[in-house]
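Engineer: Could you have a look at this structure, given as structure tokens, before my questions?
Residue numbers (the numbering used here): 294 to 888.
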């Protein structure tokens, strides 16, 4: 009985020890996988909240979390209750920023829009009120109301916004209130802002409400040009705004000329000669029509009679020719800048077609080349993305590459667990390539020296006895050819054909680029070697088990020496080097000695 009890206890202890050893092995394997692949999550359960941390019920029997927040506002409508946003409270609690970034702050761009609107009011309406009889004692209070509203916008721009603009000094962005204010007070902008707010309105009490006294308000042109720069920076099609702005320049020059013509007609006397305005119809429209004919030099105008009319008409002609030529030249530059990319695309395509026609390239190949040009241009808006990014600093190129490619590359199993900076360096080496329908991405038997990442489109893996059966279709985000980046012996051979199914945009990472990167990351290099060997073993296991005649190894084993040849060599040795085989063997030794 004592022996049986001892053997029973030893068996229990042995089984328990074996169970502990098994658990330790499983735990070790999990930790090892987690060290290799940082994306593997832990199997530990999340800690459970302590019962003592649970919220205590309120005296009324209701949890504090169930009570509506004091900031939530509700309004009843019909039979429903809607939650109302406390926008008034948020508006009251809004704090104006102590400093404003003039390059990226959209609120500042919106404020510049109001400043430019006030500036346009003065630039367009001051000549009209001075020349035409549109300002009368009956409506003078409306004109003055808008005038002083524009003056208030000018004043707020000086006191609130311009003194809070950040600036760069010695490479640092200055946000100190005192420094920003001093920088504005020393600038040319402050001098022009003060000059445009000269209080010449006090002369109204002596000479009456003369709009020419508000002419200094037009000197706030620097805000207009700043608004143009900021708006063009945030617009996706800035050339449209440039065309509108150039057209506005032309319309404003005609507007000023029409005002001057009415003033000259009033000075000579309305209807006094055939050249001046006769006072019939809408005065502004008729004078604007005369200004258009004069500046564009259409002709058909009545001849001036007096010396004043002749001098005025000569100045109009000279100004019209100069202004119209400037507007046409500026419009040509705007349109040329807007179509510069299209012009470059056309020139490249025309040069390629000329080259193919010179060497008499087959028509089918020429059609595929034209299709590639058209699809690449319409899908990317450019022929080579690297030409666009080559002017950017290395850090900005990395930021763009991370936003475009990181989500795709991070899903590649081969690179999971590698150094993050190594992946960032690899992103900058990716090259975008467009494949046309039925183009071969890689062929069976080729040496693989690159990895492919599908950005858009689909590719098909072909195999089977005839090499045309579709084995699998890979879609956007899939990766293939990654093992060939780390394969030894010059790269492994492709085991199947990969064909583009439709148009396909692929990212390519070449082997030499990866090797240049891995020199600086030895730990990641070791990890990639281990993963590549593991993936190769898993890929070769089914083939080794089947042993089919069509199975091809990445690096084929060296063939053994035939047994008959071995026996002949052994016999030659026993014969003392006689016979043809012996003479051959002696000749080989002699050649080695000579070398």
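The beta carbon of each residue, even a glycine, is placed where N, CA and C say it ideally should be.
Does the beta-carbon of residue 473 have 16 or more other beta-carbons within 10 angstroms, so that it is buried, or is it exposed?
Structural biologist: Buried, by the Cβ-count rule.
Engineer: Tell me the rounded alpha-carbon separation between residue 666 and residue 642.
Structural biologist: Residue 666 and residue 642: Cα-Cα distance of roughly 7 Å.
Engineer: Out of 319, 465 and 409, state which residue places its alpha-carbon closest to the alpha-carbon of residue 522.
Structural biologist: With distances taken between Cα atoms, residue 522 lies closest to 409.
Engineer: Would you please state the rounded distance, in angstroms, between the beta carbons of residue 424 and residue 568? I believe it to be under 8 Å.
Structural biologist: Actually they do not touch by this definition, with Cβ atoms about 17 Å apart.
Engineer: Can you give, in chain order, each stretch of the alpha helix (DSSP H) that sits fully within the segment 553–599 and has at least 4 residues?
Structural biologist: The segment 553–599 contains these whole alpha helix (DSSP H) runs: 576–588.
Engineer: Could you tell me which residues DSSP pairs with residue 744 in its beta bridges?
Structural biologist: DSSP, once it has assigned bridges, lists 802 as partnering residue 744.
Engineer: Terminal residues of the continuous alpha helix (DSSP H) containing residue 277?
Structural biologist: There is no way to answer for residue 277, as the model of the chain reaches only from 294 to 888.
Engineer: Give a yes or no on whether the C-beta atoms belonging to residue 925 and residue 749 are separated by under 7 Å.
Structural biologist: For the chain, the structure presents residues 294 to 888; residue 925 sits outside this window and is missing.
Engineer: Taking all protein chains shown into account, do 16 or more other C-beta atoms lie within 10 angstroms of the C-beta of residue 760, making it buried, or fewer, making it exposed?
Structural biologist: Result: exposed.
Engineer: Counting only runs that start and end within the segment 699–786, where is the alpha helix (DSSP H) found for 4 or more residues in a row?
Structural biologist: Runs found: 713–720.
Engineer: Which residues in the same chain as residue 303 place their Cβ atom closer than 6 Å to its Cβ, once the five residues preceding and following it in sequence are excluded?
Structural biologist: Result list for residue 303: empty, nothing under 6 Å.
Engineer: In the structure shown, what three-state DSSP assignment does residue 458 receive?
Structural biologist: DSSP places residue 458 in strand when its eight states are reduced to three.
Engineer: Using a Cβ-Cβ cutoff of less than 6 Å, which residues in the same chain neighbour residue 605 once the five nearest sequence positions on both sides are dropped?
Structural biologist: Counting only Cβ-Cβ distances below 6 Å, and skipping sequence neighbours, we find 557.
Engineer: Taking all protein chains shown into account, decide if residue 394 is buried (16 or more other Cβ within 10 angstroms of its Cβ) or exposed.
Structural biologist: Exposed, since its Cβ has fewer than 16 Cβ neighbours within 10 Å.
Engineer: Is the separation between the beta-carbon of residue 447 and that of residue 490 shorter than 7 Å?
Structural biologist: Yes.
Engineer: Measure from the alpha carbon of residue 752 to the alpha carbon of each residue in 716, 778 and 800, then state which is nearest.
Structural biologist: Ranking the options by Cα distance to residue 752, first place goes to 800.
Engineer: To the nearest angstrom, report how far apart residue 420 and residue 493 are at their CA atoms.
Structural biologist: Between residue 420 and residue 493, the C-alpha separation is close to 17 Å.
Engineer: State the DSSP-derived secondary structure class of residue 348, mapped to helix, strand or coil.
Structural biologist: Its pLDDT being 44, under 50, residue 348 is placed unreliably in this model, and the value from its coordinates should be taken loosely. Here residue 348 sits in coil by DSSP.
Engineer: Provide the residue span of the alpha helix (DSSP H) that contains residue 677, from first to last.
Structural biologist: That residue, residue 677, is in no alpha helix (DSSP H); it is neither H nor E in DSSP.
Engineer: How long is the line joining the alpha carbons of residue 791 and residue 755, rounded to whole angstroms?
Structural biologist: If you take the alpha carbons of residue 791 and residue 755, they lie about 6 Å apart.
Engineer: Relative to the alpha-carbon of residue 664, which residue among 687, 815 and 732 has its alpha-carbon at the smallest distance?
Structural biologist: With distances taken between Cα atoms, residue 664 lies closest to 732.
Engineer: Quick test of your reading: residue 722 and residue 804, contact by CB under 8 Å. State the CB separation rounded to the nearest angstrom.
Structural biologist: Going by Cβ atoms, the distance from residue 722 to residue 804 rounds to 11 Å, so no, they are not a contact pair.
Engineer: Give the DSSP bridge partners of residue 792, in chain order.
Structural biologist: 733 and 753, per the DSSP bridge assignment.
Engineer: So if DSSP puts residue 465 in a beta bridge, which residue, or which two residues, is it bridged to?
Structural biologist: 462, per the DSSP bridge assignment.
Engineer: Might you give, ordered along the chain, the residues of its own chain that have their beta carbon closer than 8 Å to the beta carbon of residue 552, omitting 5 neighbours on each side?
Structural biologist: The residues are 420, 421, 423, 424, 425 and 580.
Engineer: Is it right to say residue 500 is buried, meaning 16 or more other beta carbons lie within 10 angstroms of its own, or is it exposed?
Structural biologist: Exposed is the call here.
Engineer: Per DSSP, which one or two residues make a beta bridge with residue 797?
Structural biologist: Its beta-bridge partners are 728.
Engineer: With DSSP as the reference, label residue 654 as helix, strand or coil.
Structural biologist: Coil.
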